[in-house]
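Trainee:
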Amino acid sequence: MSNLLITLDIIIRLEGKVALITGGASGIGEATAKLFATYGAKVTIAEVQDDLGRAISKEFPSITYVHCDVTNESDIKNAVDSVVSAHGRLDIMFNNAGITVPMHLSSVLDSEKSHFEKVYAVNVFGAFLGAKHAARVMIPAKKGSIIFTSSIAAVTAIDAAPVVQLCNELGKHGIRVNCVSPFMIPTPILAADI
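All residue numbers for the sequence shown refer to this note's numbering, where the first residue is -6 and numbers rise by one.
1) Just to confirm, are ILE14 and ASN89 a CB contact at a threshold of 8 Å?
2) Extract the residue ranges of the beta strand (DSSP E) inside the stretch -2 to 52, only unbroken runs of 3 or more that lie entirely within it.
3) Pair every Cβ in the stretch 34 to 45 with every Cβ in the stretch 151 to 170, then say whether three or more of these pairs are closer than 8 Å.
4) So the candidates are HIS80, ALA127, HIS108; which of them puts its Cα closest to the Cα of ILE56?
5) For the candidate residues PHE141, LEU45, ALA124, ASP43, whose alpha-carbon lies nearest to that of GLY91?
6) Straight-line CA distance for CYS160 to ALA120?
7) What do you reckon, are the CB atoms on GLY9 and VAL63 nearer than 8 Å?
8) Can the beta-carbon of ILE21 be found less than 8 Å from the beta-carbon of PRO175?
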């Protein structure tokens, strides 16, 4: 009975919502996009994996696809603007795009600065840009939800600080900010490193 109530609550909360999911063509983002669409949300996948994004949008009529490199601010702005243009609003921004440093580079001695620069560009600055442009359209609406994915392996006070700051700043405008930190989910990003 409790599972039925949880499912009904999810359906009620997602029905008619408008969501933008970065990194939505595979792994956690893909599963989230499909779940949201199944429960009545209009979803846009913002992704660099064009073939995968287009295939998912063909499979689900309520999912659209837009090419988006989260390290490029104009791509993020365009993705948010295209959602608002198509649906009149943005209710949920899921900053899910992410990459890892290959596990074989776990030693600082084996790592290159360029690997970490790319990880930070996608995982940190990309998420910042997603939040910035989502907030730009959510603040006037005085509502919305911004969600971040962060690896449980990377959870530290410094990682949490920006989310706490966003909660303080955007909460005044009716915007909820959350972070999910999954661990060892069998996704393509994990499989590539094992």
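The beta-carbon is built from N, C-alpha and C at its ideal position, and this holds for glycine as well.
Mentor: According to the data block:
1) yes
2) 11 to 15, 35 to 40
3) At 8 Å Cβ cutoff, the stretches do not touch.
4) HIS80
5) PHE141
6) 14 Å
7) no
8) yes
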